[in-house]
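*Asks:* Protein chains in written order, with the working numbering: chain D, 35 to 355; chain G, 15 to 271. Each residue gets a CB set at the ideal place from its N, CA and C atoms; glycine is no exception. Here the structure is a predicted model, which is why all the values come from computation and not from measurement. Sharing a structure below in structure tokens format, with a few things to ask.
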């Protein structure tokens, strides 16, 4: 966590590379993005956290030109998206949410053909293809068919493909969704390597852990709006108390527990029928008071507050439903 | 245009892997028509029955045109739809400097190329068959212009097929296109019998359909053209040029929200 914050202060001095002002997208009467503002600096990893349907993907698509905004301003790599479509696309890399690798081509060919779309010299593409397959640890799969790859390998190949033009900004829409834990960690590891190289990463996720591990700064989206933003640490400090107690008990026991702890805690959230989350500065005292009482709880977990708690606090509901 | 060339190039790369498996049906189909109708039905049609040509000789150039139509139609319907909807190939391409309009134009060019490649193969086979059986099916050196014309004809049918593809949401709907557009064109464009002999308004209607002119051009080039061929070529170019812009616009709207 410490090393990350150090890096954070460095990259913050970078200049804004992606700026949105009152950015909107409507489909008929439905407004997917209802006026968002953000400012992303060169070299940082910036996250959009939120549940499905929050407007994250639409925002990403506006960044890479697959969706045209219906209002507001957006500049990517300091270029206006309304006027510099092709030039922006030349300078960014995109890892889409849905796998759209070319199934009719082998692993290596996917990168070679993608490199041609950028009009890169053949020599450059050949060299980068080898480097990138090595970077995403697919060197032993160069001649494999795409359909033979596992989900994690496909995602890594998508990441390699997004890097073929050596982009300054990489946009990743839910880079680890649907991957098993090992595959997810490998993806995270590669993404951290990219920020270490100085690339700007913009990603969406609905995993708090992913946001907390990767992002220097992030915004939380819900219902097409940004409801909070900052570093993971700032968000937690600003919106929730540092300590969390999770009580698990039957609904009627929880009712009694609620009346008991409500005056003592900073905040109390109920998720589902059988879990009570209690936010406090002093968990020990609170636990002692519960033990003294006649309320019997089955299961108590004590932990530090995280982004999930921030989200729950701000929206009253859990991030993953 | 550079982007269109890159999309064309992608298709060439894949075609080079699979061209043999695609070759067979593309050659066999027109040969079946040539054998069944040309030799089978042709036996009942007396020598000199149609414009002084044997029946096989009469239908062979028309089959060149229809073969180009079929090749380009399959490419611009099923293949394009799969790339658009299932494999999401175009979604991937348009995140690069290649734009949606480049994708569509690249596909037009590719469908035309494929029509020309297979058509040229079929043309060579017609020449060979004519030589073997001592009754030439292609009688003019003007036939050298057939391959480039097949490219143009292929592009024309690619535009038409892409237009339909850009409008539909389900792959099963292609049955309508093939049953209501492609098959009637195949039968009523003067390949197997002159449509001019039909009562009005069939010949007039035929004049407004694309394969009719494609068949005329191929037949004229196979036998030595009259100046009338310019009208057919002009018709094809105008029709293609005007119509080509519409699928580009619709596909752009489908690919970019």
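Could you say if the stretch 125-135 of chain G and the stretch 211-220 of chain G meet the contact criterion of at least three C-beta pairs nearer than 8 Å?
*Replies:* In short, these stretches do not touch, since the Cβ pair count stays below three.
*Asks:* Along the chain, where does the beta strand (DSSP E) containing residue 68 of chain D start, and where does it finish?
*Replies:* It spans 64-75 - the beta strand (DSSP E) in which residue 68 of chain D sits, taken as one unbroken run.
*Asks:* When you compare only the Cα positions, how much space is there between residue 211 of chain D and residue 117 of chain D?
*Replies:* Distance between the alpha carbons of residue 211 of chain D and residue 117 of chain D: 32 Å.
*Asks:* For the stretch 135-160 of chain D, list every residue whose C-beta sits within 8 Å of some C-beta in chain G, in sequence order.
*Replies:* The stretch 135-160 of chain D vs chain G, Cβ under 8 Å: 135, 136, 137, 138, 139, 143, 147, 148, 150, 151, 152, 153.
*Asks:* Below 8 Å between beta carbons: does that hold for residue 234 of chain D and residue 81 of chain D?
*Replies:* No, these two residues do not count as a Cβ contact at 8 Å.
*Asks:* Could you list the residues in the stretch 111-124 of chain G with a C-beta less than 7 Å from some C-beta on chain D, going in chain order?
*Replies:* Residues passing the 7 Å Cβ filter: 111, 112, 113.
*Asks:* Residue 192 of chain G by DSSP, collapsed to three states: which one?
*Replies:* Three-state DSSP puts residue 192 of chain G in a helix.
*Asks:* Within 10 angstroms of the Cβ of residue 108 of chain G, are there 16 or more other Cβ atoms? Answer buried if so, exposed if not.
*Replies:* When all chains shown are included, residue 108 of chain G counts as buried.
*Asks:* Report yes if the C-beta distance between residue 269 of chain G and residue 114 of chain G is below 8 Å; otherwise report no.
*Replies:* For residue 269 of chain G and residue 114 of chain G, yes; Cβs fall inside 8 Å.
*Asks:* So if I threshold CB-CB distances at 8 Å, which residues from the stretch 94-118 of chain D count as touching chain G?
*Replies:* Here the close residues are 95, 98, 99, 100, 101, 102.
*Asks:* So, are the CB atoms of residue 294 of chain D and residue 281 of chain D less than 8 Å apart?
*Replies:* In this structure, residue 281 of chain D does not lie closer than 8 Å to residue 294 of chain D by Cβ.
*Asks:* How would you call residue 188 of chain D, buried or exposed, if buried means at least 16 neighbouring beta carbons within 10 angstroms?
*Replies:* Classification of residue 188 of chain D: buried, given that the 10 Å Cβ count is 16 or more.
*Asks:* Are the stretch 56-74 of chain D and the stretch 253-268 of chain D touching by the rule of at least three beta carbon pairs closer than 8 Å?
*Replies:* They touch, by the three-pair rule.
*Asks:* Would you say residue 28 of chain G lies against chain D (beta-carbon separation less than 8 Å)?
*Replies:* Chain D, which has a Cβ nearer than 8 Å to the Cβ of residue 28 of chain G, makes this yes.
*Asks:* Under a CB-based cut-off of 8 Å, is residue 23 of chain G close to chain D?
*Replies:* For residue 23 of chain G, the answer is yes, since a Cβ of chain D falls inside 8 Å of its Cβ.
*Asks:* In terms of residues, what are the limits of the alpha helix (DSSP H) holding residue 50 of chain D?
*Replies:* Per DSSP, residue 50 of chain D belongs to no alpha helix (DSSP H); it is in the beta strand (DSSP E), 50-61.
*Asks:* From residue 55 of chain G to residue 123 of chain G, what does the alpha carbon distance come to, in whole angstroms?
*Replies:* If I take the Cα positions, the gap works out to 36 Å.
*Asks:* I need the straight-line Cα distance from residue 125 of chain G to residue 91 of chain G, nearest angstrom please.
*Replies:* Spanning the two alpha carbons is a distance of roughly 10 Å.
*Asks:* So with CB distances below 9 Å, who are the chain D contacts of residue 52 of chain G?
*Replies:* What residue 52 of chain G touches in chain D: nothing, since even the nearest Cβ is about 36 Å away.
*Asks:* Under three-state DSSP, which class holds residue 43 of chain D?
*Replies:* Confidence is the limiting factor: at residue 43 of chain D the pLDDT is only 35, short of 50, which leaves the residue's position unreliable and the question unanswerable from this model.
*Asks:* Name the chain G residues that come within less than 9 Å of residue 130 of chain D, Cβ to Cβ?
*Replies:* Correct list: 102, 105, 106, 109.
*Asks:* In angstroms with no decimal places, state the Cα-to-Cα distance between residue 50 of chain G and residue 100 of chain G.
*Replies:* Residue 50 of chain G and residue 100 of chain G: Cα-Cα distance of roughly 37 Å.
*Asks:* CB residue 131 of chain D to CB residue 243 of chain D, shorter than 8 Å?
*Replies:* Against a cut-off of 8 Å, the Cβ pair of residue 243 of chain D and residue 131 of chain D comes out as no contact.
*Asks:* If I'm right that residue 346 of chain D touches residue 323 of chain D with Cβ under 8 Å, what's the distance once you round it to whole angstroms?
*Replies:* Not confirmed; about 23 Å, so no contact.
*Asks:* Leaving out five residues on either side along the sequence, give the residues of the same chain with a beta carbon under 6 Å from the beta carbon of residue 39 of chain D.
*Replies:* Model confidence at residue 39 of chain D stands at a pLDDT of 42, short of 50, so the residue's coordinates are unreliable; what they give is reported in the following sentence. Excluding positions up to five away in sequence, the list is empty.
*Asks:* Among residues of its own chain, excluding the 5 on either side of residue 119 of chain D, which ones have a beta-carbon nearer than 6 Å to its beta-carbon?
*Replies:* These residues qualify, in order along the chain: 99.
*Asks:* Between residue 124 of chain D and chain G, is any beta-carbon pair separated by less than 8 Å?
*Replies:* Output row for residue 124 of chain D: interface = yes.
*Asks:* Strictly below 8 Å CB to CB, what residues from chain G border residue 120 of chain D?
*Replies:* Those within 8 Å of residue 120 of chain D in chain G are 111, 113.
*Asks:* Residue 74 of chain D: beta carbon under 7 Å from a heavy atom of the ligand GTP?
*Replies:* Here there are no bound small molecules, and the ligand GTP is not part of this structure.
*Asks:* Suppose the cutoff is 8 Å on Cβ atoms and the five residues either side in sequence are ignored; what does the same chain contact list for residue 229 of chain G look like?
*Replies:* 75, 76, 79, 80, 203, 204, 205, listed in sequence order.
*Asks:* Where are the alpha helix (DSSP H) runs, 4 residues long or more, that stay fully inside the stretch 47-118 of chain G, in chain order?
*Replies:* Counting whole runs of 4 or more residues, the stretch 47-118 of chain G contains the alpha helix (DSSP H) stretches 69-88, 103-107.
*Asks:* Using 8 Å as the threshold, is the C-beta distance between residue 103 of chain G and residue 134 of chain D below it?
*Replies:* Cβ atoms of residue 103 of chain G and residue 134 of chain D: closer than 8 Å.
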